[in-house]
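Here the structure comes first, spelled out in structure tokens, and everything after it is commentary.
2 protein chains.
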Amino acid sequence: MDEALQKLKNHIQETVKLSESEWDFIAPHFSFKRLKKHQFLVQEGIDVPNEFWIVNGLVRSYFMEENGKEHILQFAMENYWVSDFNAYQNHEISTLNIDCLEDSTFLVMSFEDREMMCERVPALANFFRIKSTKGFIALQKRVMGLMKDNAETRYNDLIEKLPGLTQRVPKKYLASYLGVSRETLSRFSND
Amino acid sequence: MDEALQKLKNHIQETVKLSESEWDFIAPHFSFKRLKKHQFLVQEGIDVPNEFWIVNGLVRSYFMEENGKEHILQFAMENYWVSDFNAYQNHEISTLNIDCLEDSTFLVMSFEDREMMCERVPALANFFRIKSTKGFIALQKRVMGLMKDNAETRYNDLIEKLPGLTQRVPKKYLASYLGVSRETLSRFSND
DNA sequence: GCTTTGGTGTGATGTAGATCACATCAGTCA
DNA sequence: TGACTGATGTGATCTACATCACACCAAAGC
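So the protein lines, in turn, are chains A and B.
Using the working numbering, you'd call the opening residue of the first sequence number 1 and step up by one each time.
Using the working numbering, you'd call the opening residue of the second sequence number 1001 and step up by one each time.
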């Protein structure tokens, strides 16, 4: 836990300056969580009081159609923030599932604590502002890819962006992230 | 201009509290801009020192493939913030175009001013943090729609979300936003 | 007024990728 | 060790949508 908090402190300080007293105020509001592969961090139909910073491991966030088809919205690993942000921000029940693709550990922060800390510690508000802007930009690039590129190009872009991922997850998950069928992906992924 | 600033003040105060002295500090850093239909707010290949708050009017932000095909990323109107946020945030040249679909007016804020004001006025940092989070959530919903819905469903969702838009823009632009050809859209949009 | 330009509909045809149906192979568990 | 279960590849077929090629009409510019 202490080690995890130290890592988080470094992570935040890559983006904003944080005084020792500010950090001492923030740190106690995080709790530690450990999950095994296949366990769920967030589940559809349940409220989402927390967001999570991944200390280590790998998760996927996905949603399901009525017919049972799954679509992966995001892979998240070390240093990523994850949650069902829609449910979290608007106090709704989750429409997403987030489960672990590997044993993983997290630091957990509640919505109330986040809002309170952002009021009290402006640097933290700026940290989340900048993180959120970058998340927005990344998603916008994803939309652009979905609109202009075919499945094979999107696959090549993905393995270029996250080269380690192919070794860590089955290809059916890559297909689900790319919005393409497992079979189609198999026809052009030659390795 | 004064009227526009008053509207902006109200807009910000819908999300965060802002003291009079804070507002008096912020307000002078906005400038006013007026464009006619077909004029450009942002152009591909040029740097993007500003973001814009739309006082009134309607713009589209879009990108082009090498072959000249256009894809609309966003329609933005009254109360929306627009820019090429990737270029703006990372000081890169623009890959997007933003042009006016109607005569429009804007309040303009530079990147340096925004960062400076967010440092000095924590409420503003929180304002942009929350706005940015909501933008992220909206984009995530768009990705989900692209992954699970067919073109007709996406069209119906769009006219439900922005019912006025169909009257304000040609259908080819709706098609371009939805990621579908003009002809295909024409076959199921019966009005 | 006439001409040009842009918006829209619609038929015919082409195609990326989905779906269905298998086969193979590795890992896991009793 | 033998029996599942899950990951992967591959052929055959189907389908949503793109593309091409028109026609028609309203608004804008000379």
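For every residue, glycine included, the Cβ atom is placed at its ideal position computed from N, Cα and C.
All values reported here derive from a predicted model rather than from experimental measurement.
Delimiting residues of the alpha helix (DSSP H) encompassing residue i
| i | result |
| --- | --- |
| B:L1158 | A1151 to K1161 |
| A:Y88 | F85 to N90 |
| A:S186 | R182 to F188 |
| A:S21 | E20 to I26 |
Proximal residues of chain A, C-beta to C-beta of residue i below 9 angstroms
| i | result |
| --- | --- |
| B:P1049 | Here the premise fails: no neighbours, minimum Cβ distance about 16 angstroms. |
| B:L1174 | By Cβ distance, chain A contributes nothing, its closest Cβ being about 14 angstroms from B:L1174, past 9 angstroms. |
| B:L1073 | Q140, V143, M144 and M147 |
| B:N1079 | In chain order: nothing, as chain A lies at least about 17 angstroms away. |
DSSP-derived helix/strand/coil call for residue i
| i | result |
| --- | --- |
| B:D992 | In this structure chain B extends from 1001 to 1191, so residue 992 of chain B is not present and cannot be described. |
| A:D99 | strand |
| B:E1070 | strand |
| B:V1121 | coil |
| A:V143 | helix |
| B:K1033 | strand |
Chain A residues whose Cβ lies nearer than 8 angstroms to that of residue i
| i | result |
| --- | --- |
| B:R1142 | V143 |
| B:S1189 | Result: empty, since nearest Cβ-Cβ is about 19 angstroms, beyond 8 angstroms. |
Run of the beta strand (DSSP E) containing residue i, from where it starts to where it stops
| i | result |
| --- | --- |
| A:V169 | A:V169 -> no beta strand (DSSP E), and no H or E assigned at all. |
| A:K7 | Not the beta strand (DSSP E): A:K7 falls in the alpha helix (DSSP H), residues D2 to Q13. |
| B:S1061 | L1058 to M1064 |
| A:V108 | S104 to S110 |
| B:V1042 | F1040 to V1042 |
Amino acids of chain A, ordered along the chain, whose beta-carbon sits closer than 7 angstroms to that of residue i
| i | result |
| --- | --- |
| B:E1102 | Here the premise fails: no neighbours, minimum Cβ distance about 24 angstroms. |
| B:P1122 | P122 and A125 |
Neighbouring residues, chain B, relative to residue i (Cβ below 9 angstroms)
| i | result |
| --- | --- |
| A:M117 | By Cβ distance, chain B contributes nothing, its closest Cβ being about 11 angstroms from A:M117, past 9 angstroms. |
| A:I54 | Simply none; closest approach about 18 angstroms. |
Proximal chain B residues relative to residue i, where beta-carbon distance stays under 8 angstroms
| i | result |
| --- | --- |
| A:G179 | L1146 and M1147 |
Contact list for residue i against chain B, beta-carbon separation under 7 angstroms
| i | result |
| --- | --- |
| A:F25 | Result: empty, since nearest Cβ-Cβ is about 14 angstroms, beyond 7 angstroms. |
| A:T133 | F1085, Q1089 and S1132 |
| A:E65 | K1148 |
| A:F128 | R1129 |
| A:I137 | F1085, N1086 and Q1089 |
**Asked** Is it true that the stretch 136-154 of chain A meets the stretch 1110-1124 of chain B, where meeting means three or more beta-carbon pairs spaced less than 8 angstroms apart?
**Response** no
**Request:** Please confirm if the stretch 1096-1106 of chain B is in contact with the stretch 1062-1075 of chain B, defined as three or more CB-CB distances below 8 angstroms between the two stretches.
**Result:** yes
**Request:** Could you tell me whether the stretch 1077-1094 of chain B touches the stretch 80-87 of chain A, using the rule of 3 or more Cβ pairs below 8 angstroms?
**Result:** no
**Request:** Mind the definition here: the stretch 124-131 of chain A touches the stretch 1126-1133 of chain B only if three or more C-beta pairs lie below 8 angstroms; say whether that holds.
**Result:** yes
**Prompt:** Counting Cβ pairs closer than 8 angstroms, one from the stretch 50-57 of chain A and one from the stretch 74-83 of chain A, do we hit at least three?
**Reply:** yes
**Prompt:** Using 8 angstroms as the Cβ pair cut-off and three pairs as the minimum, do the stretch 175-187 of chain A and the stretch 1026-1044 of chain B touch?
**Reply:** no
**Request:** Count the C-beta pairs between the stretch 158-166 of chain A and the stretch 42-51 of chain A that are closer than 8 angstroms, then say yes if the count reaches three, no if not.
**Result:** no
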